[in-house]
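Visitor: All you need for my numbering is the position in the sequence shown, starting with 1, plus 148. All residues carry an ideal CB built from backbone N, CA and C; glycine is no exception. Nothing here was measured: the structure is a model prediction, and the numbers come from that model. Before I ask anything, let me first share the structure, which is written out below as structure tokens.
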Amino acid sequence: MDNFRTALLIFFLVSLDQLSKFLVTSYLNLGESIRVLPFLDFTLVYNLGIAFSMFNQGGNYSRWILVFLVLILVIYLLFLLLRKPINRHWEFPALLLIVSGGIGNLVDRVFLGYVIDFIHVH
Numbered sequence: 149m150d151n152f153r154t155a156l157l158i159f160f161l162v163s164l165d166q167l168s169k170f171l172v173t174s175y176l177n178l179g180e181s182i183r184v185l186p187f188l189d190f191t192l193v194y195n196l197g198i199a200f201s202m203f204n205q206g207g208n209y210s211r212w213i214l215v216f217l218v219l220i221l222v223i224y225l226l227f228l229l230l231r232k233p234i235n236r237h238w239e240f241p242a243l244l245l246i247v248s249g250g251i252g253n254l255v256d257r258v259f260l261g262y263v264i265d266f267i268h269v270h
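Below you can see the structure in the form of structure tokens.
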């Protein structure tokens, strides 16, 4: 796939990420849940840290460290996605979703100071 189409896909997925977060924050209060399936809830959580709320306690200092680290990782993965020939069928969609999710979370962290999470699998 050419770089223009890849960029359009990333833009679409980041937009979808931001739209889903907007909708969840419009309909749920912090900590409120909606059962979607027997094993899946939408629960509004503000994550100051990274996965599973790790590094949640550092305040503004850790916020910008996380922004920097995630930005470096997203740039590296973008480089792999756009420049490296992809040999396996699963590599492209996997990298596409990781990069798009990383960019969506960067937008949250830069503009809100936290990442909006809502998917709760149990």
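By DSSP, does Y194 sit in helix, in strand, or in coil?
Guide: strand
Visitor: In whole angstroms, give me the CA-to-CA distance for G261 and L196.
Guide: 7 Å
Visitor: Touching or not, the region 166–178 and the region 238–249, by the rule of three or more beta carbon pairs under 8 Å?
Guide: no
Visitor: State the start and end residues of the unbroken alpha helix (DSSP H) segment that holds L244.
Guide: Annotation for L244: the continuous alpha helix (DSSP H) segment containing it runs E239 to L260.
Visitor: Under a Cβ-count criterion, where at least 16 other Cβ atoms within 10 Å of its own Cβ denotes burial, should N235 be classed as buried or exposed?
Guide: exposed
Visitor: How would you call R183, buried or exposed, if buried means at least 16 neighbouring beta carbons within 10 angstroms?
Guide: The residue in question, R183, is exposed, as its Cβ has fewer than 16 Cβ neighbours within 10 Å.
Visitor: Within 10 angstroms of the Cβ of R231, are there 16 or more other Cβ atoms? Answer buried if so, exposed if not.
Guide: exposed
Visitor: Can you list, in chain order, the residues of its chain whose CB lies under 7 Å from that of V269, leaving out five sequence neighbours each side?
Guide: F187 and L188
Visitor: How about T154 and L229: are their beta carbons less than 8 Å apart?
Guide: yes
Visitor: Taking DSSP as the reference, what is the three-state secondary structure of F266?
Guide: Three-state result, F266: strand.
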